[in-house]
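Undergrad: To start, I am sharing the structure in question, which I have written as structure tokens.
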Amino acid sequence: MKDQLHRTLHLHKTPKRIVSLVPSQTELLIDLGLKDSIVGVTKFCVHPKQLRKEKAVVGGTKQVHLDKIRELQPDIILCNKEENTKDMIPELEQIAPVHISDIYSIEDSLELIDMYGNLFDAPEKAKNIIKDIKAKLTDFKVFVSDRKKLKVVYFIWKNPYMVAANQTFINEMLSMNHFENSYQDESRYPEITLSELKEKQPDLILLSSEPYPFKASDIDEFNTVCPDAKIKIVDGEAFSWYGSRLLKAFDYFKALQKSL
Numbered sequence: 002m003k004d005q006l007h008r009t010l011h012l013h014k015t016p017k018r019i020v021s022l023v024p025s026q027t028e029l030l031i032d033l034g035l036k037d038s039i040v041g042v043t044k045f046c047v048h049p050k051q052l053r054k055e056k057a058v059v060g061g062t063k064q065v066h067l068d069k070i071r072e073l074q075p076d077i078i079l080c081n082k083e084e085n086t087k088d089m090i091p092e093l094e095q096i097a098p099v100h101i102s103d104i105y106s107i108e109d110s111l112e113l114i115d116m117y118g119n120l121f122d123a124p125e126k127a128k129n130i131i132k133d134i135k136a137k138l139t140d141f142k143v144f145v146s147d148r149k150k151l152k153v154v155y156f157i158w159k160n161p162y163m164v165a166a167n168q169t170f171i172n173e174m175l176s177m178n179h180f181e182n183s184y185q186d187e188s189r190y191p192e193i194t195l196s197e198l199k200e201k202q203p204d205l206i207l208l209s210s211e212p213y214p215f216k217a218s219d220i221d222e223f224n225t226v227c228p229d230a231k232i233k234i235v236d237g238e239a240f241s242w243y244g245s246r247l248l249k250a251f252d253y254f255k256a257l258q259k260s261l
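Just so you know, we're using my numbering here: the sequence shown kicks off at 2 and counts up by one.
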């Protein structure tokens, strides 16, 4: 089979021992009923909460303990082009086949769910998740159809300040919410200054709960720079976790829209 980078994986049977190095993909495995097949996760795989106590923690998403992964004797290792590093892939491939996802859109996410369904012999559960996500997406599109478009800046980091621009899954979620990304013309996660933010004159500033945990105390600084903008701390998982998290994301977005 091929992964989302069109790399060929040579698998002779359904993988039964999985190491997942991507939190949102770990959550997807759980929702596909594959908990018993997971042998290793990252310290950021926080859903479900008890999972890290039950499975081996092999490091983070950028740095892993190869010896720990090797000891687990996985049949497959699950990675993501953005969340993991290019350098770790050749080393991981010395241990087991590596499946790499590449997610920029909801369609990419649905493709990954289908891939996992086939890869791990859970096609019906995958189809049901995809069906439910599509239904929630259709409903949400109707919900936001008459909402006023707002110019938005979405912050993911502080010191330095970094925002989500184009070519990101976050940008797809912003667009889905009828938000006009003020950094649509830039790529990935550019560093910006507060003076540059002021020039953008956004209607809405969103401060993500992850990867940098923005808190209420951060709002004052943005209020000073953009006094006319609404400023909200938002659930970063809703905006950046793909896979089965989309089953919850659209309900969250409805509540967010109602609060604006």
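Yeah, the Cβ is synthetic: ideal placement off N, Cα and C, and Gly gets one too.
DSSP on Lys233, reduced to helix/strand/coil?
TA: Here Lys233 sits in strand by DSSP.
Undergrad: Would you tell me roughly how many angstroms separate the C-alpha atoms of Asp221 and Thr194, rounded to the nearest one?
TA: The straight-line gap from Cα to Cα measures roughly 16 Å.
Undergrad: Sorted by chain position, which residues of the same chain lie with C-beta nearer than 6 Å to Asp4's C-beta, five sequence neighbours on each side aside?
TA: If we look at Asp4 and ignore the five residues flanking it on each side, its Cβ neighbours are His100 and Ile101.
Undergrad: Counting C-beta neighbours from all protein chains within 10 Å, is the total for Asn81 16 or more, i.e. buried, or is it exposed?
TA: By the neighbour-count rule (16 or more Cβ atoms within 10 Å), Asn81 is buried.
Undergrad: Suppose contacts are defined by Cβ-Cβ distances below 8 Å. Is Leu79 in contact with Ser38 by that definition?
TA: Not closer than 8 Å, so no.
Undergrad: Is Asp204 buried or exposed, if buried means 16 or more other CB atoms sit within 10 Å of its CB?
TA: Result: buried.
Undergrad: Which residue's Cα is closest to the Cα of Pro212: Val235, Pro228 and Ser196?
TA: Comparing Cα-Cα distances from Pro212 to each of Val235, Pro228 and Ser196, the minimum goes to Val235.
Undergrad: In the DSSP assignment, find the alpha helix (DSSP H) that holds Gly41 and state where it starts and stops.
TA: Gly41 -> not in any alpha helix (DSSP H); beta strand (DSSP E) instead, spanning Ile39 to Val42.
Undergrad: Put Lys82 into one of helix, strand or coil per three-state DSSP.
TA: Three-state DSSP puts Lys82 in coil, outside helix and strand.
Undergrad: State the start and end residues of the unbroken alpha helix (DSSP H) segment that holds Met89.
TA: Here the alpha helix (DSSP H) through Met89 covers Met89 to Glu94.
Undergrad: For Ile77 and Ile130, which I take to be in contact (beta-carbon distance under 8 Å), what is that distance rounded to the nearest angstrom?
TA: Not really, about 20 Å apart at Cβ, beyond 8 Å.
Undergrad: Could you tell me whether the stretch 152–172 touches the stretch 115–123, using the rule of 3 or more Cβ pairs below 8 Å?
TA: No: the two stretches stay apart, fewer than three of their Cβ pairs being nearer than 8 Å.
Undergrad: Helix, strand or coil for Ile114? Go by DSSP, reduced to three states.
TA: Helix at Ile114.
Undergrad: In angstroms, rounded to a whole number, what distance separates the CA positions of Leu138 and Trp242?
TA: So the two alpha carbons sit approximately 15 Å from each other.
Undergrad: Just checking my contact of Phe141 with Lys255 at CB under 8 Å: how many whole Å lie between their CB atoms?
TA: Yes, Phe141 and Lys255 are in contact; Cβ-Cβ is about 7 Å, under 8 Å.
Undergrad: Which of the three DSSP states, helix, strand or coil, is assigned to Lys3?
TA: Residue state, collapsed to three classes: strand.
Undergrad: Do you know offhand how far Glu72's Cα is from Val58's?
TA: Distance between the alpha carbons of Glu72 and Val58: 12 Å.
Undergrad: If you check the beta carbons only, do Gly244 and Ile114 fall under 8 Å apart?
TA: The answer is yes: Cβ separation under 8 Å.
Undergrad: Leaving out five residues on either side along the sequence, give the residues of the same chain with a beta carbon under 8 Å from the beta carbon of Thr43.
TA: Same-chain partners within the cutoff: Ser21, Leu22, Val23, Pro24, Thr27, Val58, Val59, Gly60, Gly61, Thr62 and Val65.
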